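**Q** Pasting in a structure now, in structure tokens, and then I'll have a few things to ask.
Numbering (the working numbering), first residue to last: 1 to 233.
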């Protein structure tokens, strides 16, 4: 069983705030309701800080929940999780299936620390069975803070809008100096080819990014290449 901080209390809290994010974002509400929401955010942050008190370097792996065990990207994520664990890194993911499960699985099989920050959704997202530490969140933005705060490198596996959201948040934090220039690795180079072309041929040409911004994410096609980038070799 994954380690949690007072699991009964955690799920009791989640039950009380279920649907809070949607309610908060739906439109204008009373000042009192917004203040109540702010307290909920604070309490959820506290749960995260209490749960993830560990003293070892950590790498966060982002990626789609939709790849099954037979997919080549699942296998690549599993190999990457194992390589990171063997190099002494804890592996953190969103805690769900697909790429997240694969990276956690690889880390667990290699004897490393496997961590999950799951999000409560009406579909698709359930915690995977390869987690040593686990916490579930109601609010996406709080979960993203936890996925970034404790890591010193980031691996971006193939994924959809959620993966892009997470990856661009990290890159923006680095670009704007809010986050140290940690390694960000785009895995599965062919998957990201057109995004790279868009960055070079459109964003750079239009002047909305600088040439050095293109170096904020580096591409890799194997677990070994990713580890070399993360270790600065």
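Glycine included, each C-beta is placed from N, C-alpha and C at the ideal position. Note that the coordinates shown come from a computational prediction; the quantities given were computed from them, not determined experimentally.
Would you decide whether residue 151 is buried or exposed? Buried here means 16 or more other CB atoms lie within 10 Å of its CB.
**A** On the chain shown, residue 151 is found 151 positions in, with the first residue counted as 1. Classification for residue 151: buried.
**Q** Measuring only the C-alpha atoms, how far is residue 143 from residue 116?
**A** On the chain shown, position 143 is the one that residue 143 refers to. On the chain shown, position 116 is the one that residue 116 refers to. Cα to Cα, residue 143 sits roughly 10 Å from residue 116.
**Q** Distance, Cα to Cα, residue 78 vs residue 211?
**A** On the chain shown, position 78 is the one that residue 78 refers to. On the chain shown, position 211 is the one that residue 211 refers to. Each residue's alpha carbon lies about 33 Å from the other.
**Q** Please state whether DSSP places residue 81 in a helix, a strand or coil.
**A** The sequence position of residue 81 within the chain shown is 81, counting from 1. Reduced to three states, the DSSP call for residue 81 is helix.
**Q** Below 8 Å between beta carbons: does that hold for residue 61 and residue 80?
**A** Indexing the chain shown from 1 puts residue 61 at position 61. Indexing the chain shown from 1 puts residue 80 at position 80. Yes, Cβ-Cβ distance for residue 61 and residue 80 is below 8 Å.
**Q** Can you check DSSP and say which residues form a bridge with residue 154?
**A** As a working note, residue 154 is residue 154 in the chain shown. According to DSSP, which records beta bridges pairwise, residue 154 is partnered with 60 and 184.
**Q** If you draw a straight line from the C-alpha of residue 155 to the C-alpha of residue 72, how long is it?
**A** Against the chain shown, residue 155 aligns to sequence position 155. Against the chain shown, residue 72 aligns to sequence position 72. Roughly 16 Å separates the two Cα atoms.
**Q** What is the DSSP secondary structure of residue 114, reduced to helix, strand or coil?
**A** Taking the first residue of the chain shown as 1, we reach residue 114 at position 114. If DSSP states are grouped into helix, strand and coil, residue 114 belongs with the strands.
**Q** Where are the alpha helix (DSSP H) runs, 4 residues long or more, that stay fully inside the region 161-223, in chain order?
**A** Listed in chain order, they are 161-175 and 193-198.
**Q** Nearest by alpha-carbon distance to residue 93: which of 188, 110 and 134 is it?
**A** Within the chain shown, the letter at position 93 stands for residue 93. Among 188, 110 and 134, the Cα nearest to that of residue 93 belongs to 134.
**Q** Which residues does DSSP list as the beta-bridge partners of residue 136?
**A** Position 136 of the chain shown holds residue 136. In DSSP, residue 136 forms a bridge with 118.
**Q** Reducing DSSP to helix, strand and coil, say where residue 87 ends up.
**A** By one-based count along the chain shown, residue 87 stands at place 87. It is coil, neither helix nor strand.
**Q** Counting beta carbon pairs with one atom in the region 96-105 and one in the region 50-69, are three or more of them shorter than 8 Å?
**A** Yes, they touch.
**Q** Nearest by alpha-carbon distance to residue 213: which of 230, 171, 188 and 227 is it?
**A** To locate residue 213, count along the chain shown from 1; it is residue 213. Closest by alpha carbon: 171.
**Q** Between which two residues does the alpha helix (DSSP H) harbouring residue 34 extend?
**A** Translated into the one-based positions of the chain shown, residue 34 becomes position 34. It spans 31-51 - the alpha helix (DSSP H) in which residue 34 sits, taken as one unbroken run.
**Q** Should residue 246 go down as buried or exposed, given a rule of 16 or more other Cβ atoms within 10 Å for buried?
**A** Only positions 1 to 233 of the chain appear in the structure, and residue 246 is not among them; the question remains open.
**Q** If you draw a straight line from the C-alpha of residue 219 to the C-alpha of residue 33, how long is it?
**A** Here residue 219 refers to the residue found at position 219 when the chain shown is read from its first residue. Here residue 33 refers to the residue found at position 33 when the chain shown is read from its first residue. Each residue's Cα considered, the two are about 45 Å apart.
**Q** Residue 94 lies in the alpha helix (DSSP H); which residues open and close that run?
**A** Here residue 94 refers to the residue found at position 94 when the chain shown is read from its first residue. Where residue 94 is concerned, there is no enclosing alpha helix (DSSP H), given that its DSSP letter is neither H nor E.
**Q** Classify residue 205: buried if its beta carbon has 16 or more other beta carbons within 10 angstroms, exposed otherwise.
**A** For the purposes of this step, residue 205 is taken as residue 205 along the chain shown, with counting starting at 1. It counts as exposed.
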